[in-house]
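Top line first, the protein sequences correspond to chains H and L.
Just so you know, this note's numbering puts 527 at position 202 of the first sequence, and the rest follows in order with no gaps.
Just so you know, this note's numbering puts 714 at position 492 of the second sequence, and the rest follows in order with no gaps.
Glycine is no exception: its CB is placed at the ideal position from the N, C-alpha and C atoms.
None of these values were measured; they are calculated from a predicted model.
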Amino acid sequence: MRSSVIIFPGSNCDRDMDVALKKFGFINQMVWHNDQSIPKSDLIVLPGGFSYGDYLRCGSIASKSKIIRSVIDFANSGGLVLGICNGFQILTETGLLNGILQQNKFLNFICSNVYVKVKDKQNKYFKDLKKDILELHIAHNEGNYFCSDDELKSLEDNSQIAVTYCGVDGKENEITNPNGAIKNIAGIFNKNKNVLGMMPHPERMIDKYLSGEDGSLFFKNILDNFK
Amino acid sequence: MEVTEAVAIDHGLKKEEFSKICELLKRTPNLTELAIFSAMWNEHCSYKSSRKHLKKMHTKGKQVIQGPGENAGVIDIGDDDAIVFKIESHNHPSFIEPYQGAATGVGGIMRDVFTMGARPIANLNSIHFGSPQHKKTRNLLRGVVKGIGGYGNCIGVPTIAGQTTFDESYNGNILVNAMTLGLVNKNKIFYSKAAGLDKPVIYVGSKTGRDGIHGASMASATFDDKIEEKKPTVQVGDPFTEKLLLEACLELMADNSIIAIQDMGAAGLTSSSVEMASKGNLGIELNLSEVPCREEKMTPYEIMLSESQERMLIVLEKGKEEHAKKIFDKWNLDFAVIGKTTNSKKIELIFDNKKVAEIPIDLLAENAPIYDRPWKKIKLPQKLKFDKDEFKSLKLSDCLKKILSNSNISDKKWIWDQYDHTVMGDTIQKPGGDAGVVRVHGTNKAVAASVDSSALYCFSHPLTGGKQIVCESYRNLISVGAKPVAITNCLNFGNPEKEKNMGEFVECVEGITEASKYLDFPVVSGNVSFYNETKDKGIKPTPTIGGVGLISDYQQMLTMDFKTEGNLVYVIGKTDGHLDQSIFARELLNEKKGPPPTVNLFNEKNIGETVLDLARKNLIVSCHDVSLGGILIAVSKMCIKGKKGIKINTLKGLTNKYEYFFGEDQARYIVEIPKASLKKVNDILTKYSVHFDELGTVNGQSIEYKDDINLPIEELADAHKYWLKKYMDS
């Protein structure tokens, strides 16, 4: 499976994503934001970081960068596009995903392990995933997902909510919500479920010496579903 | 403006210093020249009060590639890998403007590291605030933590460890010390020594603005009531630009275009250009009209003194200008050829086609004043005679809970949750352990780092205190299974013009030197911050030690959390029960006098090596050093982290349980031993002739000791974990 990771000025999880993708057998290439086109890929990843310093609004300048037109075309033609953290913020700014990511409820940056519940498995990311609850890692200041009532209803009606923050036992409530996101939302799909944006970083959980290993399941599952 | 003695004094120079300048120059300097002298001759840049004493430090060792005197120190960790590291203070600006002060402190130290060609792989910080009751403390803490996070998180370098303390002596002067470690190929290290004539001098990075003017002189003076007026001297950080600068510099460093490189830190363009020329024994000519400026009509005076952040000065190989410019264009950074190296051995400044300054380099560097300031020796205080009958009214379990929730002992998760500590995907020991550990990417090796200081011990007896922190750093590294390699230090003191403060400095340095020599734990970089004083009230002497160690196989790393029920728990090292200067004495007896615990360097080394031997042979499964608070505190933390209890044995020959459990004797570790390893462990302890106590067994969900203590781990965890969060929310 071929993947491309887009590097924006200010991206800082691009290398981590490259390491993770290669570890599980993706043939990965790095693509510079000023390039016009993306090499032939089955998956495009927008990594975490602070693209363009996150000035103006997180992800907003990146959503107008040169490369992004190709990303949007790729997504509209059904290609898999994954945005992690800042990548999720960029995807909402491009309009590929609904809603926005506001500053965390308690106004602090949070770096911590979290549990997320997989809400939908009828898609190429989570189909046949062995676990329903994953332990992943978040590191963000603006991860507080918000959308209008209509948008939320539409997300729910179309099963576009991908993952939600929960406890180790799967409980979704205020205590297990690290950043104030509406309905504990940690990640969502577009209507066709080929575009996934989520705040947690699976690439930081890929061996037992790190914070955990559930990120490995996530990457392996995408590969398995591709075969 | 005519330069007079009064103008010089306004620039922070002393009367005698001004006369010396006129004498050396054989004329009165113009205003720009005076500014350059004031920037180079202030305490912060010249080390005029400390240099005499710093010379004595132990700075050499088998693994040392570069000691003090460069942008950062460098150590060899094998296979052509080297670690570049340094700690630096940003105290004065952080008190005036906590967010920007702390942020630019982090930015500055990272630049020092990548200037040498290394990619930063870990950040640490040691931050010290006034009493929790003081009205400014909460806001200062919040601002500093946000600033450190705001900068480091954006660059994408994990903050892996730190230290936070509270003491009323920091009420008017907080301390913010930031440390960075970087990884470099040892054959591709870049230095700041210029070489060759007529080589282009390049300015890259952000534009120059009017921020931070007089920053270095501000950091060389004490505070008074009008500190708010000094806000304009604080620099403003832009981590995004720093990230671009980091990537662009590393890209240019991949080939041989750079002869010398220096970041523009304190005293900006002045000190960077003078230092490069001075080290290369050359002259330098700069055309200030070519300097990219953010604001209009900036004068040579302002350009030379600006401390705008995220800027670098590079001496390039001739003919490489276009190649270099392409890289900086790609990263959208300013690039300008602003001068050349010359054989004049002078710094010559041109502005609007006129020469505006001309000073021989040696007057600014070698001929800068050095002072042998008078200092007072500090006697070892008498040991206190505690009334042990008085202890009996204190319940052990109450003492334990009270100490666990003490501001200086309690968990600092509220702070490090705000720092990205996992980016780069190699953090294998997060903050909250004895040391942070990151893997050397793509290898089996890992690097451990810790920051430590013990202001109370140093205040009581600087010589012992100086030794003690080096030992504490050594122990923290060993506790995670790392072999201690070298240290960097940040020496935070009061006003050196006062004999007592100068004495504290001299004797702390002596203590650090003695311990680092004995432990073969050399100092490879550092900085001195004097004048941490407001309205005549100085801080307690606070030298901070940043220690770095190596784990050759990261699978052998140790953590402190108890692992398995039934395993045995030993205290390695002897407990005499030293209560003077302990948290117990302070917190429960309200007793602040007495000497710090004695430091025995032979024991420290022997016991350290023993524990490291046990770790290398995989005979112990967890380890934690015993420091502030004593055995009971150390063991409680191991319980809380491992979510497992301990049954403490009835100890034979115990004279006083308070002394045993809360004494702060040095050179001790607590280790967890699987039963199967017991015989081998005992043999090794006997071979090294090391004293040990069989403390107990990992057991259940409570900490138990006879009828005295029976506390569920959860109750201990509550006492330990929430003090800071509650304090910040209140």
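Checklist line | Closest by C-alpha distance to L/K577, when choosing among L/H913, L/S675, L/E255, L/D887 | finding: Of L/H913, L/S675, L/E255, L/D887, the residue nearest in Cα terms is L/E255.
Check: Taking 8 Å as the CB-CB limit, is L/T644 close to chain H?
Finding: At least one CB atom of chain H sits nearer than 8 Å to the CB of L/T644.
Next item on the list: Verify whether the separation of the beta carbon atoms of L/H416 and L/A340 is less than 8 Å.
Entry: Checking the sequence, you will find Ala at residue 416 of chain L rather than His. Not a contact, by the Cβ cut-off of 8 Å.
Item checked: Opposing strand residues paired with L/V306 [DSSP bridges] -> For L/V306, which the question treats as bridged, DSSP gives the partners L/V296, L/G404.
Note to self: Please classify L/H545 as buried or exposed, where buried requires at least 16 neighbouring CB atoms within 10 angstroms.
What the structure shows: With fewer than 16 other Cβ atoms within 10 Å, it is exposed.
Item checked: Supposed close pair H/I363, H/F399 - CB separation, criterion 8 Å -> Between H/F399 and H/I363 the Cβ distance is about 7 Å, and since that is below 8 Å, they are a contact.
Next item on the list: Pull out every residue of the region 624 to 641 of chain L whose Cβ sits closer than 8 Å to any Cβ of chain H, in chain order.
Entry: Flagged, chain order: W638, D639, Q640, Y641.
Margin query: By the DSSP assignment, the alpha helix (DSSP H) with L/P514 in it spans what residues?
Written below: Per DSSP, L/P514 lies in no alpha helix (DSSP H) segment and is marked neither H nor E.
Next item on the list: With distances taken Cα to Cα, identify the nearest neighbour of L/T381 among L/L253, L/I592, L/K368.
Entry: Ranking L/L253, L/I592, L/K368 by Cα distance to L/T381 puts L/K368 first.
Checklist line | For L/V955, the three-state DSSP class (helix, strand or coil) | finding: Examination of residue 955 of chain L is not possible in this model, given that chain L is present from 223 through 952 alone.
Next item on the list: For the beta strand (DSSP E) containing H/F355, list its first residue and its last residue.
Entry: Going by the sequence as given, residue 355 of chain H is Met instead of Phe. Per DSSP, H/M355 belongs to the beta strand (DSSP E) from 352 to 357.
Next item on the list: Under 7 Å between beta-carbons, which chain L residues line up against H/F434? List them in chain order, please.
Entry: Residues of chain L passing the Cβ test: G371, N375, Q640.
Notebook entry, point to check: Taking Cβ positions only, does H/V441 come closer than 8 Å to chain L?
Noted result: It does not; no Cβ of chain L falls within 8 Å.
Next item on the list: Taking H/F544 as the query, report the chain L residues whose CB atoms sit under 8 Å from its CB, ordered along the chain.
Entry: Simply none; closest approach about 13 Å.
Checklist line | DSSP-derived helix/strand/coil call for L/C730 | finding: The answer is helix: DSSP assigns L/C730 an H, G or I state.
Note to self: Below 7 Å on C-beta distance, what does H/A536 contact in chain L?
What the structure shows: Reading off the sequence shown, one finds Ser at residue 536 of chain H, where the question assumed Ala. Scanning chain L for C-beta atoms nearer than 7 Å to the C-beta of H/S536 yields T644, reported in chain order.
Check: In three-state DSSP terms, what is L/T191?
Finding: The first residue shown for chain L is 223 and the last is 952, placing residue 191 of chain L beyond what the model contains.
Notebook entry, point to check: H/S437 CB to nearest chain L CB: under 8 Å?
Noted result: Chain L has a Cβ within less than 8 Å of the Cβ of H/S437.
Note to self: So if I threshold CB-CB distances at 7 Å, which residues from the region 455 to 474 of chain H count as touching chain L?
What the structure shows: Within the region 455 to 474 of chain H, the residues whose Cβ lies closer than 7 Å to some Cβ of chain L are H462, A464, listed in chain order.
Notebook entry, point to check: DSSP state of H/V330, grouped into three classes?
Noted result: Judged by DSSP in its simplified three-state form, H/V330 adopts strand.
Next item on the list: Measure the alpha-carbon distance for L/K308 versus H/N401 and round it to whole angstroms.
Entry: Computed Cα separation, rounded: 49 Å.
Note to self: Please report the straight-line C-alpha distance between L/R533 and L/V426, rounded to a whole angstrom.
What the structure shows: Cα to Cα, L/R533 sits roughly 6 Å from L/V426.
Note to self: At a CB distance below 7 Å, what residues from the region 339 to 350 of chain H approach chain L? Give them in sequence order.
What the structure shows: Answer set for the region 339 to 350 of chain H: D341, V344.
Margin query: So L/Y776 contacts chain H; which residues on that side make the cut at Cβ distance below 9 Å?
Written below: Simply Y534.
Check: So is L/P422 buried or exposed if we call it buried at 16+ other beta carbons inside 10 Å?
Finding: Its Cβ being crowded by 16 or more others within 10 Å, L/P422 is buried.
Next item on the list: With a floor of 3 residues, list each beta strand (DSSP E) that falls wholly inside the region 337 to 408 of chain L, ordered by position along the chain.
Entry: Taken in chain order, the complete beta strand (DSSP E) segments of 3 or more residues contained in the region 337 to 408 of chain L are 341 to 351, 381 to 388, 397 to 407.
Checklist line | Contact under 8 Å by Cβ, H/L548 with H/M326 | finding: Using a Cβ distance threshold of 8 Å, H/L548 and H/M326 count as a contacting pair.
Next item on the list: Output yes if chain L places a C-beta closer than 8 Å to the C-beta of H/N423; else output no.
Entry: For H/N423, the closest Cβ of chain L is not nearer than 8 Å.
Next item on the list: Consider the Cβ of L/I650: report whether some Cβ of chain H lies at a distance smaller than 8 Å.
Entry: It does; some Cβ of chain H falls within 8 Å.
Margin query: Quick check: the Cα distance between L/Q285 and L/I297, rounded to an integer number of angstroms?
Written below: Rounded to the nearest angstrom, the two C-alpha atoms are 5 Å apart.
Item checked: Residue burial classification, L/T226 (beta-carbon count within 10 angstroms, cutoff 16) -> L/T226 comes out exposed.
Notebook entry, point to check: How would you call L/S530, buried or exposed, if buried means at least 16 neighbouring beta carbons within 10 angstroms?
Noted result: Residue environment analysis places L/S530 among the buried positions, since at least 16 neighbouring C-beta atoms fall within 10 angstroms of its C-beta.
Next item on the list: Would you mind sorting L/M223 into buried or exposed? The rule is 16 or more other CB atoms within 10 Å of its CB.
Entry: Looking at its Cβ environment, which holds fewer than 16 other Cβ atoms inside 10 Å, L/M223 is exposed.
Notebook entry, point to check: Is the Cβ of L/K308 closer than 8 Å to any Cβ of chain H?
Noted result: It does not; no Cβ of chain H falls within 8 Å.
Notebook entry, point to check: Between H/K365 and the ligand GDP, is the CB less than 7 Å from at least one heavy atom?
Noted result: The ligand GDP is not among the ligands present in this structure, which contains no ligands whatsoever.
Next item on the list: Could you tell me if L/T797 is buried or exposed, where buried requires 16 or more neighbouring beta carbons within 10 angstroms of its beta carbon?
Entry: The residue in question, L/T797, is buried, as its Cβ has 16 or more Cβ neighbours within 10 Å.
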